[in-house]
Amino acid sequence: MLLNTHADPDHISGNEGFDYCYMHPNEEDVYRAYGGAGSILPVKDNDIIDIGNRPLKIIFIPGHTPGSIAVLDINSRVLISGDSVQDGNIFMFRKHRNLSLYIESLKKLSMYTHEFNIIYPSHGSFPVYPELITSLIEGAEQIINGTAEGKVADMFGTQVMLYKYPYAGFLCDIPEGKK
Ligand SMILES: [Zn+2]
């Protein structure tokens, strides 16, 4: 069985080995645009997928992408966070990403922190811990309210703004007046 946290290309390159995958339906457009094949079994917030005495709870956390999810491995008290909670550089540039929605989603995730002790992210250090969620919310809010300092960086030929904090970074579109 395959469950995708989201459909960015670095997360779906093995999908063709499966006839179907579990994914939030908001990812379908991006998934197909990147050539994703097979059927999608839609998951939604609060769904439980039981892989055999191991219930996994889906937590819908849009922002990094429109259909990003985190997966709570309930009995192991582990959160699988996809790209949304990690200490590397979090991609928030290009139009299918939404930083305000990301902040809302992380605030929602922080209401679950009594249900997990450890986070398995897709990038950066492994593992990370629930305190990181609070830091990411603060960092993203500083970008929104204009108090964060960014510097221009090149990402696959696209000019983006990198906001680097001690705990993680955000790669964002360059704000209008700074191009
Ligand atoms: Zn990724």
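Residue numbers 252 to 430, in this note's numbering, belong to the letters of the sequence shown in order.
For glycine and all other residues, C-beta sits at the position ideal for the given N, C-alpha and C.
Of the residues the options, the one placed nearest residue i, counting alpha carbons only
| i | options | result |
| --- | --- | --- |
| residue 329 | 346, 349, 308 and 319 | 308 |
| residue 312 | 357, 404, 416 and 414 | 357 |
| residue 331 | 342, 367 and 299 | 367 |
| residue 365 | 264, 426 and 324 | 324 |
| residue 256 | 376, 267, 427 and 321 | 321 |
| residue 359 | 385, 316, 326 and 267 | 385 |
Own chain partners of residue i with C-beta closer than 8 angstroms, once the 5 adjacent residues on each side are dropped
| i | result |
| --- | --- |
| residue 352 | 313 and 314 |
Residue i - DSSP class collapsed to helix/strand/coil
| i | result |
| --- | --- |
| residue 284 | helix |
| residue 364 | helix |
| residue 314 | coil |
| residue 340 | strand |
| residue 331 | strand |
| residue 426 | coil |
Residue i versus residue j: straight-line alpha-carbon distance, rounded
| i | j | result |
| --- | --- | --- |
| residue 361 | residue 383 | 10 angstroms |
| residue 289 | residue 397 | 42 angstroms |
| residue 262 | residue 286 | 12 angstroms |
| residue 253 | residue 293 | 12 angstroms |
| residue 279 | residue 317 | 10 angstroms |
| residue 270 | residue 390 | 39 angstroms |
Beta-carbon proximity list for residue i, same chain, < 6 angstroms, skipping 5 on both sides
| i | result |
| --- | --- |
| residue 340 | 420 and 422 |
Own chain residues within Cβ distance below 7 angstroms of residue i, not counting five before or after
| i | result |
| --- | --- |
| residue 378 | 369, 370 and 371 |
| residue 387 | 336, 357 and 419 |
task: Anything with a beta carbon under 6 angstroms from a heavy atom of ligand 1 counts; list them all in chain order.
output: Going along the chain, the residues that qualify are 259, 261, 262, 334, 373 and 374.
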